[in-house]
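Numbering (this note's numbering), first residue to last: 144 to 477.
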Amino acid sequence: MKKIILLYIFIISVQFLSADTIRRERVLMGTYAFVIVDANDSQIVNTIFARMKQVEESLSSFLKEGGVLKLNRKRKGKVDDDLFEAINLCKKLYSETNGYFDCTIGSITKQQFGFGTENEKIPSSASIAQSKVGMDGVHMHNRNVWLEDDIYLDLGGMGKGFGVDKAADILKRAGITQAIVGLSGDIRCFGSCSIAIQNPFDEGAVGEINIAMQETGISTSGIYRRFVKTKDYNHLIDPKRRRSERLFASVTLVAPLPNVLLDGWATAISVMPASLALKFLDAHPSVEYLLIGTNGVVLKKGRNIRYTAHSLSGFILHPSLSLKEKSKWLQKLL
Numbered sequence: 144m145k146k147i148i149l150l151y152i153f154i155i156s157v158q159f160l161s162a163d164t165i166r167r168e169r170v171l172m173g174t175y176a177f178v179i180v181d182a183n184d185s186q187i188v189n190t191i192f193a194r195m196k197q198v199e200e201s202l203s204s205f206l207k208e209g210g211v212l213k214l215n216r217k218r219k220g221k222v223d224d225d226l227f228e229a230i231n232l233c234k235k236l237y238s239e240t241n242g243y244f245d246c247t248i249g250s251i252t253k254q255q256f257g258f259g260t261e262n263e264k265i266p267s268s269a270s271i272a273q274s275k276v277g278m279d280g281v282h283m284h285n286r287n288v289w290l291e292d293d294i295y296l297d298l299g300g301m302g303k304g305f306g307v308d309k310a311a312d313i314l315k316r317a318g319i320t321q322a323i324v325g326l327s328g329d330i331r332c333f334g335s336c337s338i339a340i341q342n343p344f345d346e347g348a349v350g351e352i353n354i355a356m357q358e359t360g361i362s363t364s365g366i367y368r369r370f371v372k373t374k375d376y377n378h379l380i381d382p383k384r385r386r387s388e389r390l391f392a393s394v395t396l397v398a399p400l401p402n403v404l405l406d407g408w409a410t411a412i413s414v415m416p417a418s419l420a421l422k423f424l425d426a427h428p429s430v431e432y433l434l435i436g437t438n439g440v441v442l443k444k445g446r447n448i449r450y451t452a453h454s455l456s457g458f459i460l461h462p463s464l465s466l467k468e469k470s471k472w473l474q475k476l477l
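Okay, structure coming up:
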């Protein structure tokens with residue numbers, strides 16, 4: 144049975160033009176799903192949750208009838224539209240991030256560590272080294288998918304973003320312009336909203352995102368509270384070095400882009416070396432971000448993100464620093 148991860152990465156406050164709003168929550172995809180809409184639009188909430196549930200069933204590697212679970216077991220076959228689209232996006236993200244986002248990380252997260260199950264364990268280094276990863280081992284044609292030997296999928300690094308996008312599609316088709324929909328740290332804001340960012344080291348918030356744009360995606364990836372036995376082993380694994388990474392405690396991205404992209408990028412940035420992470424972000428100027436290192440050092444870009452300086456023991460890097468200097472301070476032991 145999958146462990147339910149009851150984790151809010153964001154604390155939500157809403158600044159709607161109307162004070163008459165409703166908020167509804169469900170446990171989906173191993174976390175909290177939530178919808179906040181004007182009371183006059185309440186009839187759409189169940190439709191959104193039903194769509195999220197459909198995505199969960201398609202992309203799940205835990206549910207008995209989960210699409211990924213069945214594909215991992217059968218190794219090949221026809222998949223539904225959601226799963227086929229999601230795997231195509233996995234390939235896109237794999238290419239964009241030079242392999243730092245890799246849905247075949249399931250060969251390690253599922254087969255070796257057993258993340259999210261009651262059988263979590265710490266495998267030997269030799270066992271991990273034998274794991275096979277790489278999206279080149281996933282073949283697709285006409286909704287048929289074939290996995291090469293020893294390749295296993297895990298879409299957890301982009302699945303919630305994918306689910307939020309499908310929920311957002313429903314809101315857009317209905318013409319709703321004031322709403323928030325989210326799955327844990329993946330959120331879509333329609334209209335103005337205010338999002339307080341969770342402190343990765345303690346209770347409370349470290350900052351706030353204030354959105355005034357018509358539609359904006361937000362995604363956070365973090366290692367906090369997600370460990371196997373010891374903090375040396377978290378769920379964010381670098382597919383190249385095949386080890387849990389601990390450079391960033393939290394990566395928050397904000398942009399008017401699909402949540403599935405932000406989700407995948409946040410996952411990839413979380414396991415990249417500092418210099419590559421910063422180069423990747425520089426190559427995507429529309430993305431605002433808040434990076435919090437495990438050493439407490441903070442790097443922020445974007446006027447929509449406000450950071451509370453006294454909330455952490457570290458310090459904020461000035462944006463005028465060179466990439467080399469920023470990388471050095473993010474990796475420095477304080």
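We put the CB at the ideal spot given by N, CA and C, even for glycine.
Only a predicted model underlies this, so the values are computations on that prediction, with no experimental measurement involved.
Could you name the residues that DSSP lists as bridge partners for residue i?
i	result
Thr395	Thr363, Leu433
Tyr175	Val170
Asp181	Thr164
Ile352	Ile338, Ile448
Ile323	Ile179, Cys332
Ile313	None; Ile313 has no bridge partner.
Val281	Leu290
Glu358	Phe333
Ile380	Ser387
What's the C-alpha gap between residue i and residue j?
i	j	result
Ala392	Gln273	28 Å
Leu405	Ser362	6 Å
Leu390	Asn183	45 Å
Arg169	Tyr175	6 Å
Ala317	Phe344	40 Å
Gln474	Ala417	7 Å
Lys350	Gly445	First, the amino acid is wrong: residue 350 is Gly here, not Lys. In a straight line, the C-alpha of Gly350 is about 13 Å away from that of Gly445.
Arg194	Lys309	7 Å
His378	Ser364	10 Å
Leu419	Asp163	45 Å
Gly334	Lys315	12 Å
Phe177	Asp223	25 Å
Ala311	Ile338	17 Å
Arg166	Cys332	14 Å
Thr373	Arg384	Since pLDDT at Thr373 reaches only 46, below the 50 mark, its modelled position is unreliable, and the value read off the structure follows with that caveat. Spanning the two alpha carbons is a distance of roughly 19 Å.
Glu200	Gly347	33 Å
Phe227	Arg286	6 Å
Leu220	Cys233	Per the sequence shown, residue 220 should be read as Gly rather than Leu. Approximately 18 Å between the Cα atoms of the pair.
Trp408	Thr240	7 Å
Met356	Gln321	11 Å
Ser267	Ser204	23 Å
Met283	Asp181	41 Å
Glu208	Ile179	29 Å
Val281	Lys196	25 Å
Gly360	Trp472	28 Å
Which of helix, strand or coil does DSSP assign to residue i?
i	result
Phe256	helix
Leu149	The pLDDT assigned to Leu149 is 37, lower than 50, so where the model puts this residue is not dependable, and the model offers no usable value.
Ser413	helix
Phe344	coil
Tyr237	helix
Arg385	coil
Leu421	helix
Ile294	coil
Ile209	Residue 209 is actually Gly in this sequence, not Ile. The answer is coil: DSSP assigns Gly209 none of H, G, I, E or B.
Phe192	helix
Leu442	strand
Leu473	helix
Lys219	strand
Thr373	At Thr373, the pLDDT of 46 sits below 50, so the modelled position is not reliable and the matter cannot be decided from this model.
Ile265	coil
Identify which residue in the options has its Cα closest to the Cα of residue i.
i	options	result
Asn342	Lys467, Thr437, Asp163, Glu468	Thr437
Val188	Ile323, Phe244, Thr247	Ile323
Ser470	Leu421, Val403, Tyr432	Leu421
Lys253	Glu228, Asn215, Phe244, Pro416	Asn215
Pro399	Asp381, Ile354, Leu442, Leu433	Ile354
Ser185	Ile313, Ser465, Leu434	Ile313
Ile448	Val441, Lys221, Tyr432, Glu346	Tyr432
Pro382	Gly277, Phe177, Val180	Gly277
Leu434	Tyr450, Ala426, His427, Pro428	Tyr450
Val397	Met172, Glu263, Gln321, Glu358	Glu358
Arg386	Ala269, Val288, Ala339, Ile459	Ala269
Ile191	Leu464, Val211, Ile319, Leu466	Ile319
Trp289	Thr395, Val441, Ile230	Ile230
Leu236	Val403, Ser463, Trp472	Val403
Ile294	His282, Lys275, Val441, Gln197	Lys275
Ser465	Ile251, Val430, Asp425	Asp425
Leu296	Gly242, Leu202, Ile352	Leu202
Leu206	Gln255, Val441, Leu171, Ile251	Leu171
Val441	Pro462, Val430, Pro428, Ile265	Pro462
Asp279	Leu298, Ser238, Gly299, Ile271	Ser238
Strictly under 7 Å for the Cβ-Cβ distance: is residue i near chain B by that measure?
i	result
Gly242	The structure shown contains no chain B; it holds only a single protein chain.
With a threshold of 6 Å (Cβ to nearest heavy atom), would residue i be considered close to the ligand NAP?
i	result
Lys383	The ligand NAP is not part of the structure shown, which contains no ligands of any sort.
Checklist entry - For the segment 412 to 426 against the segment 304 to 311, are there 3 or more C-beta pairs whose distance is under 8 Å? => result Result no; under three Cβ-Cβ pairs closer than 8 Å.
Next on the checklist: I'd like to know if the segment 323 to 335 and the segment 237 to 250 are in contact, where contact means that at least 3 CB-CB pairs between them fall below 8 Å.
Outcome noted: Contact between the segment 323 to 335 and the segment 237 to 250 is not established, with fewer than three Cβ pairs separated by less than 8 Å.
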